[in-house]
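Student: In my numbering, the protein residues as written are 438 to 918. We put the CB at the ideal spot given by N, CA and C, even for glycine. Input: one structure, supplied below.
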Amino acid sequence: MPAQRTFDLVIAANRLPVDRVVAPDGTSEWHRSPGGLVTAMDSVMRGREGAWVGWAGETGPAPEPFEESGMWLHPVPLSEEERETHYEGFSNDTLWPIYHDVIVPAHFHREWWQAYERVNQRFAEAVAEVAAPGAKVWIHDYQLQLVPALVRALRPDVRIGWFNHIPFPPVELFAQLPWRRQILEGLLGADYLGFQRTPDAQNFLRACRQLDGRTTKGDTVATADPDGRTRQVRASAVPISVDVNGLEELAKTEAVQRRAEQIRASLGNPEVVMLGVDRLDYTKGIRHRLKAYEELLADGTVSSPAVTLVQVATPSRERVEAYKQLRTVIETTVGRINGTYSAIGAPAVHYLHRSYPREEMAALFQAADIMLVTPLRDGMNLVAKEYVTCRHDEGGALVLSEFTGAWHELKQAYVCNPHDIEGLKQVMLRVMSLDDRERRRSMRALRRRVGDNDVQKWADTFLANLEMAPERPPRPTPKGA
Ligand code: GDG
């Protein structure tokens with residue numbers, strides 16, 4: 438049997454950074470998934486021996502580990518039942534709603550929790566298998582909150598970090614979880630915990646105090662390992678960002694710029710193009726945005742097609758009931774708006790329920806006068822940062838919900854509270870009426886901010902924090918030694 442390969446840096450995330458693509462002749466190959474996380478990790482992995490542990494996206498036995506673009510990929514298997522209970526169930530129908538202000542009710546099922554524990558254990562075993570002595574282990578997101586403590590139990594020699602891509606809820610909401618203590622204890626297995634915003638880290642520290650009787654000091658919390666030794670775990674904010682150089686370069690290409698013009702022309706060159714780009718998720722405030730636009734059309738304050746809305750709603754979690762219901766609501770609303778306000782050949786809302794290549798997204802961003810980012814709650818929202826990055830012409834305007842992590846950094850955007858439909862309408866109107874100089878000033882400031890904090894900086898800061906995380910106190914000298 439060949440010796441097991443081990444690595445100095447191990448990433449664990451729910452999904453591997455690749456998708457299997459099947460050709461018409463039945464053969465298949467792995468394609469790297471687009472996403473910002475993959476790009477960020479790419480640069481982190483460069484020049485190191487790195488492994489990535491994750492699910493390959495197909496249920497049943499996992500493919501053998503393999504190498505792809507200089508990274509060792511170690512698939513973790515999920516059965517069909519575990520996809521339903523661990524992933525769609527506990528992760529996306531229990532944790533996701535609780536961590537996003539219970540916009541829809543969370544469902545609690547003991548079998549889902551058991552599957553979550555089982556799958557987390559499997560991930561921890563895979564990490565323990567591929568980590569070299571003293572390796573750094575970087576675990577991602579809410580699907581893997583038990584992995585830090587499980588890895589520590591198997592491999593006390595490694596340094597463990599965890600990053601939460603979504604918000605960490607206020608203690609009053611987190612307290613609803615029947616398994617809240619197990620989750621806190623799972624996370625406290627880490628040396629360093631990274632969050633999108635300081636309030637998220639503070640929510641975590643407060644939960645440790647109030648629900649688990651822990652002592653916190655500044656941004657650290659005290660915990661004891663099973664062997665009785667005490668340790669300090671640090672929890673702080675490291676806001677994620679986008680690959681500014683790569684995306685800007687793409688946006689500047691002739692092909693993307695030409696495509697942006699084509700898009701505007703095929704919309705009939707409206708005076709104002711408004712754009713929304715989201716996974717079709719109830720956290721993103723798509724319904725609120727449509728309602729505001731519908732009321733503006735009904736008031737007669739704006740008219741279509743002079744003002745046109747393009748909404749890309751990427752399919753997401755389609756087997757979860759709340760997402761099925763959301764899709765029905767959104768599509769009914771789009772149908773009603775178009776039935777009432779569109780002219781032949783000129784829909785008021787261009788609704789696109791599919792996924793596009795990066796180039797098309799960059800062109801859409803360049804074609805849009807107003808980017809509507811109106812989530813009810815969002816850990817960060819990368820779309821806001823991508824839009825700003827693509828606007829190297831300093832054109833366009835960003836309307837941004839105050840309930841996104843991005844708002845904490847991008848204060849020069851046009852802020853909105855998506856729950857306040859009247860307020861949202863006023864912000865849309867105000868942005869339409871601003872003069873060019875004012876809009877440019879805002880965009881320039883936003884671009885500076887995003888340019889100074891790109892995804893590379895995020896990854897470097899996270900790893901530096903992990904490196905500097907409070908050291909364990911030295912092992913007590915045995916009596917009589
Ligand atoms: C979670 C947190 C946090 C979307 N449609 C297409 C496409 N996308 C890309 C966007 C963007 C990404 O997907 C979505 O990222 P967001 O940040 O907007 O939202 P979530 O998916 O909810 O992500 C969030 C994030 O993790 C990172 O920590 O910001 O708060 O919820 O990059 O551009 N990309 C392509 N075609 C599409 O059709 N190529």
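So, using beta-carbon positions, are Thr751 and Leu717 closer together than 8 Å?
Tutor: Taking the sequence shown and counting its residues from 1, the one referred to as residue 751 is at position 314. Taking the sequence shown and counting its residues from 1, the one referred to as residue 717 is at position 280. For Thr751 and Leu717, yes; Cβs fall inside 8 Å.
Student: Can you give me the start and stop residues for the beta strand (DSSP E) that Gly713 sits inside?
Tutor: On the sequence shown, position 276 is the one that residue 713 refers to. It spans Val709 to Arg716 - the beta strand (DSSP E) in which Gly713 sits, taken as one unbroken run.
Student: List the DSSP bridge partners of Glu511.
Tutor: Here the question's residue 511 lines up with position 74 in the sequence shown. The question names Glu, yet the displayed sequence has His at residue 511. His511 is bridged to Val490.
Student: So the candidates are Ala729, Ala644, Leu648 and Thr443; which of them puts its Cα closest to the Cα of Glu566?
Tutor: As a working mapping, residue 566 is identified with position 129 in the sequence shown. Of the candidates Ala729, Ala644, Leu648 and Thr443, the one whose C-alpha sits nearest the C-alpha of Glu566 is Thr443.
Student: Is Ala906 helix, strand or coil when you go by DSSP?
Tutor: The residue you call residue 906 lines up with position 469 of the sequence shown. In this structure, Ala906 counts as coil in the three-state DSSP scheme.
Student: Exposed or buried, which one is Lys916 when buried takes at least 16 other CB atoms within 10 Å?
Tutor: Here the question's residue 916 lines up with position 479 in the sequence shown. The predicted position of Lys916 is uncertain, since its pLDDT is 47 and thus under 50; a value taken from the coordinates is nonetheless stated next. Lys916 comes out exposed.
Student: Hey, which unbroken runs of the alpha helix (DSSP H) at 4 residues or more fall wholly within the region 512-595?
Tutor: Correct list: 533-536, 547-567 and 584-591.
Student: Where does the unbroken alpha helix (DSSP H) through Met798 begin, and where does it stop?
Tutor: Sequence index remark: in the sequence shown, residue 798 carries index 361 (1-based). Arg795 to Ala804 is the extent of the alpha helix (DSSP H) around Met798.
Student: Does the region 815-824 come close enough to the region 539-553 to have 3 or more Cβ pairs within less than 8 Å?
Tutor: In short, these stretches do not touch, since the Cβ pair count stays below three.
Student: Pick out whichever of Val852, Pro585, Trp533 and His511 has its Cα sitting closest to the Cα of Phe605.
Tutor: On the sequence shown, position 168 is the one that residue 605 refers to. For Phe605, the nearest C-alpha among the options comes from Trp533.
Student: Enumerate in chain order the residues of its own chain whose CB-to-CB distance from Ile677 is below 6 Å, with the five nearest sequence positions on each side excluded.
Tutor: Here the question's residue 677 lines up with position 240 in the sequence shown. Closer than 6 Å at Cβ, skipping near neighbours: Met817 and Trp895.
Student: Could you give the first and the last residue of the continuous alpha helix (DSSP H) run that contains Thr635?
Tutor: Residue mapping note: residue 635 aligns to position 198 of the sequence shown, counting from 1. Run containing Thr635: Thr635 to Asp649, per the alpha helix (DSSP H) assignment.
Student: According to the Cβ coordinates, are Lys573 and Leu903 closer than 8 Å?
Tutor: For the purposes of this step, residue 573 is taken as residue 136 along the sequence shown, with counting starting at 1. For the purposes of this step, residue 903 is taken as residue 466 along the sequence shown, with counting starting at 1. Closer than 8 Å, so yes.
Student: Assuming Thr667 contacts Ala659 under a Cβ cut-off of 8 Å, what Cβ separation, rounded to an integer in Å, is found between them?
Tutor: Position 230 of the sequence shown, counted from the start, is the residue given in the question as residue 667. Position 222 of the sequence shown, counted from the start, is the residue given in the question as residue 659. Confirmed, Cβ separation roughly 6 Å.
Student: Is Arg795 near ligand 1 - that is, is its Cβ less than 7 Å away from at least one heavy atom of it?
Tutor: Looking up residue 795 in the sequence shown gives position 358. Result yes, Cβ under 7 Å from ligand 1.
Student: Tell me the DSSP bridge mates of Met808?
Tutor: The count along the sequence shown starts at 1 and reaches residue 808 at position 371. Looking at the DSSP assignment, Met808 forms a beta bridge with Leu712 and Leu835.
Student: Cutting at 8 Å between CB atoms, please list the residues of its own chain near Met880, excluding the five before and the five after it.
Tutor: Here the question's residue 880 lines up with position 443 in the sequence shown. Here the set comprises Val825, Arg828, Glu831, Gly832, Gly833, Ala834 and Leu835.
Student: Sorry if obvious, but does the Cβ on Leu819 come closer than 7 Å to a heavy atom of ligand 1?
Tutor: Here residue 819 refers to the residue found at position 382 when the sequence shown is read from its first residue. Yes.
Student: Taking 8 Å as the threshold (C-beta atoms), are Leu809 and Met711 in contact?
Tutor: Taking the first residue of the sequence shown as 1, we reach residue 711 at position 274. Taking the first residue of the sequence shown as 1, we reach residue 809 at position 372. It is a contact, given that the beta carbons lie within the stated cut-off.
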